[in-house]
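Residue numbers (the numbering used here): 5 to 505.
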């Protein structure tokens with residue numbers, strides 16, 4: 005990930021009626037806010053101060069420059085004083101990137117003993133931000149509003165999370181999902197409109213035959229494979245079983261696949277990929293360990309040709325970059341597999357055939373070789389582990405025909421009640437909020453897919469912000485969900501998006 009290239013512009017609104025002394029103070033205050041926010045260590049990207057905006061021409065020029073600057077991932081607008089909102093119409097009409105309105109003020113408290121009209125005229129954010137808020141509402145612009153003093157940790161945290169989301173939107177404009185083979189035959193939810201996805205998100209989903217990858221595999225040297233096997237041996241616990249030569253050969257086959265995939269993705273500018281076990285011509289194994297290692301390095305992945313989930317996993321990786329902590333915080337490709345329906349112990353077991361991200365492993369993952377029972381190929385090597393525990397969420401993007409929908413379910417990951425000695429894959433057990441029955445019913449009513457992106461870093465608020473930025477529907481299942489209200493929300497959303505067509 006090359007995320008350091010992204011920055012955000014801090015735009016201060018005012019007008020020229022206050023006189024030069026006031027505008028000098030406006031400039032000084034805005035510069036200090038930017039300097040201290042950058043020095044706080046909370047923001048994931050650099051905040052760049054820009055000159056105070058006083059005229060319609062200056063505003064439009066600034067926002068058009070923000071559009072054209074590839075490093076600018078979004079703007080933060082603050083009305084220090086009163087900025088007549090008609091001045092902003094042309095610029096906002098032209099602007100196409102994420103927008104945050106920060107409703108703050110330079111001072112923390114009202115200085116009751118000394119406050120005069122000069123102070124009031126200078127510190128008018130409560131006044132000016134309402135004017136700006138009206139015009140963005142009148143124009144029905146997608147935007148985020150954050151209220152609070154700029155020095156407060158909770159305000160800085162919300163700004164930082166918004167930046168992470170906007171950064172992921174910018175990354176999405178350059179996202180290429182390398183698709184080996186097509187969608188799994190006859191499966192509906194993993195399919196979708198790739199042209200519309202490129203229009204909405206920027207996601208490009210080019211097709212490559214599996215033979216293109218095999219050609220790269222044929223160029224991988226034994227020396228490179230052996231070196232990567234040594235790295236595996238240092239980083240993971242390798243379980244060789246009774247036939248050591250058999251296991252080593254199969255693990256090295258995954259090493260060959262990994263090396264070839266990394267080279268292929270680099271050559272094709274790919275930062276996500278998907279495979280299909282129905283299309284493995286020329287390959288000995290379905291990629292397993294190789295995919296898990298790529299996921300841990302920030303690539304997106306979706307199985308069975310699920311390019312939407314691959315792109316969403318990559319989006320989660322970008323949102324959470326810099327916050328992952330081995331064994332406690334992470335993101336992963338996930339799938340709902342099977343339920344525990346014992347009364348009082350209802351839970352959902354998540355896993356996948358091979359490709360769950362070791363970023364969320366508890367303890368040292370094991371490399372094991374086992375039969376797969378699907379795909380009609382050799383036994384693939386994979387990392388086996390239990391996953392971290394605690395609150396998180398799973399999310400899916402689905403194509404509803406006239407719009408994309410992001411479905412989110414907040415969950416609590418719990419430890420398995422007993423060992424799983426015969427389940428040789430990574431696995432995660434969770435209790436979905438508000439409970440299994442309500443969450444599953446709501447998820448099915450919303451059309452959520454069986455493949456998801458998991459995170460205990462990305463939040464529901466961040467996914468709502470992301471959906472707002474890219475112009476898609478978002479619906480969340482959480483502790484407060486009830487089915488009657490949820491059905492109504494689906495109907496309201498359908499009416500809204502049908503009216504927007």
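Glycine residues also receive a C-beta, built at the ideal position from the N, C-alpha and C atoms.
Alpha-carbon to alpha-carbon, residue 466 and residue 146
14 Å
Have a look at the DSSP bridge pairing and note the partners of residue 269.
Residue 269 pairs with nothing; no bridge assigned.
Assumed close pair residue 361, residue 455 - CB separation to whole angstroms, cut-off 8 Å:
That belief does not hold up - the Cβ atoms of residue 361 and residue 455 are roughly 13 Å apart, past 8 Å.
Rounded C-alpha distance that separates residue 262 from residue 366:
Residue 262 and residue 366: Cα-Cα distance of roughly 23 Å.
In chain order, which continuous runs of the alpha helix (DSSP H) of length 4 or greater are located wholly inside the segment 142-221?
With a minimum length of 4 residues, the continuous alpha helix (DSSP H) runs that stay inside the segment 142-221 are 157-176, 198-204, 214-221.
Please check the pair residue 104 and residue 166, which I expect to be a contact at CB under 8 Å, by giving their CB distance rounded to whole angstroms.
5 Å
Please report the distance separating the alpha-carbon of residue 66 from that of residue 84.
Using only the alpha carbons, I get a separation of about 17 Å.
Considering only the beta carbon of each residue, do residue 307 and residue 433 sit closer than 8 Å?
no
Mapping the DSSP letters down to three states, classify residue 367 as helix, strand or coil.
Reduced to three states, the DSSP call for residue 367 is strand.
For residue 61, report the span of its beta strand (DSSP E) as first-last.
Element bounds for residue 61: not the beta strand (DSSP E) but the alpha helix (DSSP H), 60-72.
Looking at the structure shown, is residue 344 part of a helix, part of a strand, or coil, going by DSSP?
strand
Between the alpha carbons of residue 429 and residue 458, how many angstroms are there, rounded?
17 Å
Looking at C-alpha atoms only, which residue of 446, 337, 244 is the closest neighbour of residue 373?
244
Residue 160: buried (16+ other C-beta within 10 angstroms of its C-beta) or exposed?
buried
Counting pairs of Cβ atoms below 8 Å between the segment 486-504 and the segment 201-216, do you hit three or more?
no
Using only the alpha-carbon positions, how far apart do residue 326 and residue 319 sit?
14 Å
Give the straight-line distance between the Cα atoms of residue 69 and residue 77, rounded to the nearest whole angstrom.
12 Å
Kindly indicate which residue of 124, 219, 137 has the alpha-carbon position closest to the one of residue 82.
137
Assuming residue 355 and residue 431 are in contact, meaning their beta carbons sit under 8 Å apart, how far apart are those beta carbons, in whole angstroms?
4 Å
Cβ contact (3+ pairs, closer than 8 Å) linking the segment 371-386 and the segment 289-300
yes
Taking only runs that begin and end inside the segment 386-468, name each unbroken alpha helix (DSSP H) of 4 or more residues, in chain order.
440-450
Among 140, 440, 399, nearest to residue 339 - alpha-carbon criterion
Distance check between residue 339 and each of 140, 440, 399 places 399 closest, using alpha-carbon atoms only.
Taking the alpha carbon of residue 176 as the reference point, which residue from 482, 480, 470 has its own alpha carbon closest?
470
Looking only at C-alpha atoms, which of 271, 335, 314, 218 sits nearest to residue 288?
Comparing Cα positions, the closest option is 218.
Less than 8 Å between the beta carbons of residue 462 and residue 392, yes or no?
Their beta carbons are not under 8 Å apart, which means residue 462 does not touch residue 392 by this criterion.
Which two residues bound the contiguous beta strand (DSSP E) that contains residue 481?
Where residue 481 is concerned, the enclosing beta strand (DSSP E) starts and stops at 477-481.
Going by C-alpha to C-alpha distance, which of 257, 285, 258 sits closest to residue 212?
285
Identify the continuous alpha helix (DSSP H) that holds residue 95 and give its terminal residues.
93-98
Spell out a yes or no on whether the segment 7-24 and the segment 34-41 are touching, meaning 3 or more CB-CB pairs, one atom from each, closer than 8 Å.
yes
With distance defined between alpha-carbon atoms, name the residue in 317, 94, 403 nearest to residue 143.
94
Restricting to runs no shorter than 4 residues, where is the alpha helix (DSSP H) found entirely within the segment 225-265?
226-239
Could you give the residue range of the alpha helix (DSSP H) that holds residue 83?
Here residue 83 belongs to no alpha helix (DSSP H); instead the beta strand (DSSP E) covers 76-83.
Beta-carbon contacts of residue 363 that lie in its chain and below 8 Å, excluding the five residues immediately before and after:
299, 300, 328, 330, 334, 335, 336
Taking the straight line between their C-alpha atoms, what separation do you get for residue 198 and residue 446?
26 Å
Using 8 Å as the Cβ pair cut-off and three pairs as the minimum, do the segment 402-415 and the segment 475-486 touch?
yes
Flag this pair as yes or no: are the beta carbons of residue 125 and residue 111 separated by less than 8 Å?
no
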